[in-house]
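Each residue of the sequence shown is one higher than the one before, counting from 8 in the working numbering.
Positions of the beta carbon are idealized from the N, C-alpha and C atoms, including for glycine.
To start, the structure under review is shown below, and the notes come after it.
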Amino acid sequence: MRNHSVDAGGLKPNTWQRLERLSSAWNQAKLVLGDQPDGAADDEPGVVVNPRRRARTPLTESQVDAIRTARANGESVVSICQRFNVHRMTVWTHTRDLF
């Protein structure tokens with residue numbers, strides 16, 4: 008297996024930190040699967056246990072239909088967002104061709 012390295016020149020510090028976390032997570036996943044990690048650095052940050060963004064569950068087809076029907080019947084985007092617990096951009100994406 009090849010050992011890949013990345014030149015940090017020109018990367019912003021937060022981008023480099025993200026790459027280090029990703030590398031750490033990759034090595035942890037490989038250990039779980041029984042593989043050997045690529046030469047892990049001593050100062051490498053730990054695995055991110057709690058991601059900042061919540062996992063998104065895709066809307067079902069019936070939920071999309073209900074959102075489209077509600078919007079076509081004049082219900083506000085904010086009201087639909089609250090009812091389905093989704094972002095207003097999600098509602099807009101599924102209903103933009105109605106108007």
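Worksheet entry | Nearest to Arg103 (by Cα), restricted to the options Gln89, Phe91, Ala77, Arg90 | The sequence position of residue 103 within the sequence shown is 96, counting from 1. The shortest C-alpha separation from Arg103 is found at Ala77.
Worksheet entry | Cα-Cα separation, Ala79 to Leu105 | Here residue 79 corresponds to residue number 72 of the sequence shown, with the count starting at 1. Here residue 105 corresponds to residue number 98 of the sequence shown, with the count starting at 1. Approximately 7 Å between the Cα atoms of the pair.
Worksheet entry | Rounded straight-line distance, which links the Cα of Thr64 to that of Trp99 | As a working note, residue 99 is residue 92 in the sequence shown. As a working note, residue 64 is residue 57 in the sequence shown. Spanning the two alpha carbons is a distance of roughly 17 Å.
Discussion item. In whole angstroms, give me the CA-to-CA distance for Trp33 and Lys19.
Written reply: Residue mapping note: residue 33 aligns to position 26 of the sequence shown, counting from 1. Residue mapping note: residue 19 aligns to position 12 of the sequence shown, counting from 1. Going by the C-alpha atoms only, they are around 21 Å apart.
Worksheet item: Under the three-state reduction of DSSP, which class applies to Asp94: helix, strand or coil?
Response: Taking the first residue of the sequence shown as 1, we reach residue 94 at position 87. Rather than Asp, the amino acid found at residue 94 in this sequence is His. In this structure, His94 counts as coil in the three-state DSSP scheme.
Worksheet item: According to the Cβ coordinates, are His101 and Val71 closer than 8 Å?
Response: Walking along the sequence shown from the start, residue 101 turns up at place 94. Walking along the sequence shown from the start, residue 71 turns up at place 64. Going by C-beta atoms, His101 is nearer than 8 Å to Val71.
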